[in-house]
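In my numbering, the protein residues as written are 449 to 812.
Using N, Cα and C, we set each Cβ at its ideal position, and we do this for glycine too.
On a predicted model such as this, the values are computed, not experimentally measured, just so you know.
For reference, the structure discussed in these notes is given below.
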């Protein structure tokens, strides 16, 4: 975004009316892909002040200079449309020391964005590159035959493999220590919960959906030892118990039966000595639920929230990793969000991270 908010506001109504007059009203206009969330908050405030939000379908931001950690002051859906550890070398570790090129670091970023900032789309910069281990601008590196896979791909998979197009966010009732909990209901009635534990103790959690009639439960776990491991769980009286490891993520999917009535998630609140504690929480559907969605990249090189499209891999080599599954189309993102005002400070800089030059806002 090389223009000012005022310059964007001059163009947005013109673009909107051109699309409408040519029978293309179904195409949504987005703005502004600023370099960071904080500076985009400032842009969004100015767009609202200039009364052009009504011409937009989505507010978009990159996250190079600041991460999405709080809701944008808008009723429009918000998307994080570009982020990457471009300045780091390609790495495959899930967790070592909390570096920006580790999978768990991005697992936390995604959880904070979707749960805390109420994002409805999250896009990593690129899915795949060839012979470029000098940068983590992408999640899969290949020489045309063999693949090196960054654990960031698995962090993305926790949110994209089972949370499908049309899913709606469910509110959670209760707190799991050091753990971000996101819950979603798919259009088929299945409920998916993603738990991200950044603490130094494993968390044992009982999950249930009161009013739901689920017959099967699945769980998938990632930690420093292994990623997206099919973890055996037992569904008993509508509840499932899972343990979220230290620096780990667990995705739980409950299937069969609608959960559109009251939906809750239980998590017992007794703590065990040593490394494991138990908590209790509940989940209920909210009217103002955000929609988790993924945008199909305009080019095969640019990744969606699944980390990489299957075609992007198969175009390079026939031995594509089986993990490249998940969402492949965008949603309308029509749900409403609460307005939150937080003033931010910015200054100018060059957006060198994705190869663009010129004036650009940069966050403190």
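CA-CA distance, residue 802 and residue 481?
Residue numbering aside, residue 802 sits at position 354 when the chain shown is read from its first letter. Residue numbering aside, residue 481 sits at position 33 when the chain shown is read from its first letter. Note that residue 802 has pLDDT 46, beneath the 50 cutoff, so the model's placement of it is unreliable and the number below is only indicative. Put simply, the backbone Cα of residue 802 is about 12 Å away from that of residue 481.
Short check: CB of residue 515 to CB of residue 546, under 8 Å?
Numbered from 1 along the chain shown, position 67 holds the residue referred to as residue 515. Numbered from 1 along the chain shown, position 98 holds the residue referred to as residue 546. No, Cβ-Cβ distance for residue 515 and residue 546 is not below 8 Å.
Given a cut-off of 8 Å on the beta-carbon distance, is the pair residue 657 and residue 640 in contact?
Taking the first residue of the chain shown as 1, we reach residue 657 at position 209. Taking the first residue of the chain shown as 1, we reach residue 640 at position 192. Residue 657 is not a Cβ neighbour of residue 640, given a cutoff of 8 Å.
State buried or exposed for residue 671, treating a residue as buried only when at least 16 other CB atoms are found within 10 Å of its CB.
By 1-based counting over the chain shown, the position of residue 671 is 223. Residue 671 should be labelled buried.
Does the Cβ of residue 722 have 16 or more other Cβ atoms within 10 Å, making it buried, or fewer, making it exposed?
Numbered from 1 along the chain shown, position 274 holds the residue referred to as residue 722. The predicted model places residue 722 with a pLDDT of 34, which falls under 50 and marks its position as unreliable; any figure quoted below should be read in that light. Label assigned to residue 722: exposed.
Is residue 572 near residue 532, with beta carbons less than 8 Å apart?
Sequence index remark: in the chain shown, residue 572 carries index 124 (1-based). Sequence index remark: in the chain shown, residue 532 carries index 84 (1-based). Their beta carbons are under 8 Å apart, which means residue 572 touches residue 532 by this criterion.
Answer with buried or exposed for residue 537, where buried requires no fewer than 16 other C-beta atoms within 10 angstroms of its C-beta.
Walking along the chain shown from the start, residue 537 turns up at place 89. Around the beta carbon of residue 537, fewer than 16 other beta carbons sit within 10 angstroms, so the residue counts as exposed.
In chain order, what residues of the same chain lie with their CB nearer than 8 Å to the CB of residue 578, ignoring the 5 residues before and after it?
Counting from 1 along the chain shown, the entry for residue 578 is found at position 130. So the list reads 589, 590, 591, 592 and 764, once near-sequence residues are dropped.
Selection from 668, 565, 664 and 674 that minimises the alpha carbon distance to residue 813:
Because the chain is modelled from 449 through 812, residue 813 falls outside the range shown and cannot be assessed.
Quick check on the burial criterion: 16 or more other C-beta atoms within 10 angstroms. Buried or exposed for residue 568?
The count along the chain shown starts at 1 and reaches residue 568 at position 120. Counting Cβ neighbours within 10 Å, residue 568 comes out buried, since at least 16 surround it.
Among the candidates 452, 654 and 489, whose CA atom is the shortest distance from the CA of residue 621?
Along the chain shown, one-based indexing puts residue 621 at 173. Cα-wise, what sits closest to residue 621 is 654.
Who are the near neighbours of residue 467 in its chain, counting only those whose CB is closer than 8 Å to its CB and skipping five residues on each side?
If you number the chain shown from 1, residue 467 lands on position 19. Counting only Cβ-Cβ distances below 8 Å, and skipping sequence neighbours, we find 473, 475 and 477.
For residue 570: DSSP bridge partner residues:
Residue numbering aside, residue 570 sits at position 122 when the chain shown is read from its first letter. DSSP lists 528 as partners of residue 570.
Around the Cβ of residue 524, are there at least 16 other Cβ atoms within 10 angstroms (buried) or fewer (exposed)?
Taking the first residue of the chain shown as 1, we reach residue 524 at position 76. It is buried - the Cβ of residue 524 has at least 16 other Cβ atoms within 10 Å.
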